[in-house]
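S.K.: Heads up: the sequence shown begins at 9 in full-length UniProt numbering, then just goes up one per residue.
My structure is below; once you've seen it, I'll send some questions.
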Amino acid sequence: NRAVARACPVTVLGLGAMGSAIARSFLDRGHPTTVWNRTAAKADALADAGATAVPTAADAVAASPLVVVALLDGTAVEQVMTSVGTAITGRTLVNVTSGSPSQARANERWAREHGAAGYIDGNIMGHPPCMGTQNILLTFSGSGSSFAAHEGTLRELGTVTYHGEDPGAAAVEFLAQVATSYELLIGYLHTLRLLRAEGADLAGFTDRFGASLAGYPALLTSMVRAVESGKYGPDLGSLDVQAALMDDLIGHRESLGVESVRMREVKKLMDRRIADGHGHQGFSGLFELLAPQGE
Ligand code: FVH
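Below, the structure written as structure tokens:
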């Protein structure tokens, strides 16, 4: 119930951009909030706003049943947790520091071995000033009972999805989301280079491309169906036709001196697939060439 969730005391370890925004959000919603940061001065503004700043991470953990960790990276989490030790006993540890699935699973083991009530791994997408709004996306996984106990409090931070008991699952989702964005955005930057070299209207193109993204969910759905079934229809046209188009795209980039390494890599994959006798299939079929080595 929200009244209970609002009253739950919370501790935030790490008061960088993200940790400060989280602590501020909890304070704004009436949670008794204890904070700790390696550089103590970063707690001053939050203390002025009503948080309790304490000198050690162990003191901070002892103060609340729910402990949120927002540090730079996995190494920082390891160092701070080592200093916390058994003070974590009986507390629920929510780590929203970005990291790998294996780090998340190791953190869960550490928390269990030190008597924590539960471990929840989290990842955040969004800008710290948006904390406490639906524009912040939080993915969590780990102890289901701990998540159920603190779901109300965690949902106050933004739009939450829970990915099950595997503590590594939230990191899998986060890394997949971020990687896909980077792949898309580097393609977009390449295109802006090309458009600038052509003297075209970059902003106008961006508006049109943005509008075309509305068609992507249907395309992605058809691609994932092809990948899951192993039946690769001619999604964007047959590879035979697409490969010829790729030659034009690469030639255009190179004629303008725009870097084309990644596009050449895609073309190589198409050529391999065609050479293997799959030229009638679509782009999705390249999935077959992206397996981890040895698979
Ligand atoms: N800020 C963002 O936009 C992104 C959004 C996506 C997710 N990330 C992840 O959130 C984690 C925290 O990021 P941050 O933006 O808060 O990072 P900083 O502002 O640089 O603050 C880092 C805090 O970590 C403390 N710290 C670093 N190393 C140690 C250590 N060895 N021992 C103890 N604390 C450590 C640092 O303390 P100090 O330098 O102030 O003393 C800050 O409190 C991160 O995983 C992002 O990937 C944010």
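A virtual CB, placed ideally from N, CA and C, is assigned to each residue, including glycine.
Predicted model, so just to flag it, every value in this text is computed and none were measured.
Tell me whether the beta-carbon of Ala124 lies closer than 8 Å to the beta-carbon of Ile144.
M.R.: Working through the sequence shown from its first residue, we reach residue 124 at position 116. Working through the sequence shown from its first residue, we reach residue 144 at position 136. No, the pair does not count as a contact, with Cβ atoms beyond the cut-off.
S.K.: Could you check which residue in Arg113, Ala252, Thr60, Ala65 has the C-alpha nearest to that of Thr41?
M.R.: Mapped onto the sequence shown, residue 41 falls at position 33. Among Arg113, Ala252, Thr60, Ala65, the Cα nearest to that of Thr41 belongs to Thr60.
S.K.: Where Ser151 and Ala65 are concerned, what is the direct C-alpha to C-alpha distance, given to the nearest angstrom?
M.R.: Along the sequence shown, one-based indexing puts residue 151 at 143. Along the sequence shown, one-based indexing puts residue 65 at 57. One C-alpha to the other measures close to 23 Å.
S.K.: Thr100 bridges to which residues according to DSSP?
M.R.: On the sequence shown, residue 100 is found 92 positions in, with the first residue counted as 1. Leu74, Gly126, per the DSSP bridge assignment.
S.K.: For Arg10, does the count of other Cβ atoms within 10 angstroms reach 16, so buried, or fall short, so exposed?
M.R.: On the sequence shown, position 2 is the one that residue 10 refers to. At Arg10, the pLDDT of 48 sits below 50, so the modelled position is not reliable; the number obtained from the coordinates is stated separately. Answer is exposed; the Cβ neighbour count stays below 16.
S.K.: Taking the beta strand (DSSP E) that Leu145 falls in, what are its first and last residues?
M.R.: Here residue 145 corresponds to residue number 137 of the sequence shown, with the count starting at 1. It spans 145-150 - the beta strand (DSSP E) in which Leu145 sits, taken as one unbroken run.
S.K.: Look up Ile132 in the DSSP assignment and give the residues it is bridged to.
M.R.: On the sequence shown, residue 132 is found 124 positions in, with the first residue counted as 1. In DSSP, Ile132 forms a bridge with Leu146.
S.K.: Classify Val85: buried if its beta carbon has 16 or more other beta carbons within 10 angstroms, exposed otherwise.
M.R.: As a first step, residue 85 is located in the sequence shown; it is residue number 77 there, counting from the start. That one is buried.
S.K.: Would you tell me roughly how many angstroms separate the C-alpha atoms of Thr83 and Glu191, rounded to the nearest one?
M.R.: To locate residue 83, count along the sequence shown from 1; it is residue 75. To locate residue 191, count along the sequence shown from 1; it is residue 183. In a straight line, the C-alpha of Thr83 is about 27 Å away from that of Glu191.
S.K.: Using a Cβ-Cβ cut-off of 8 Å, state whether Arg281 counts as contacting chain D.
M.R.: The structure shown has no chain D; it contains just one protein chain.
S.K.: Check whether the stretch 102-111 touches the stretch 176-184, counting contact only when three or more Cβ pairs, one atom from each stretch, lie closer than 8 Å.
M.R.: Yes, the stretch 102-111 is in contact with the stretch 176-184.
S.K.: Cα separation between Gly22 and Ala78?
M.R.: Counting from 1 along the sequence shown, the entry for residue 22 is found at position 14. Counting from 1 along the sequence shown, the entry for residue 78 is found at position 70. Cα-Cα distance, rounded: 5 Å.
S.K.: Apart from the five residues on each side of it in sequence, which residues of its chain come closer than 7 Å, Cβ to Cβ, to Asp279?
M.R.: Counting from 1 along the sequence shown, the entry for residue 279 is found at position 271. If we look at Asp279 and ignore the five residues flanking it on each side, its Cβ neighbours are Ala251.
S.K.: Given the structure, does Arg46 come close to the ligand FVH, in the sense that its CB is under 7 Å from one of the ligand's heavy atoms?
M.R.: The residue you call residue 46 lines up with position 38 of the sequence shown. Flag set: Cβ of Arg46 near the ligand FVH.
S.K.: How would you write the range of the alpha helix (DSSP H) that Leu277 sits in, first residue to last?
M.R.: Sequence index remark: in the sequence shown, residue 277 carries index 269 (1-based). Note, Leu277: alpha helix (DSSP H), 269-283.
S.K.: Compare the beta carbon distance of Phe291 and Asp243 with 8 Å and say whether it is the shorter of the two.
M.R.: For the purposes of this step, residue 291 is taken as the residue at position 283 of the sequence shown. For the purposes of this step, residue 243 is taken as the residue at position 235 of the sequence shown. Cβ atoms of Phe291 and Asp243: closer than 8 Å.
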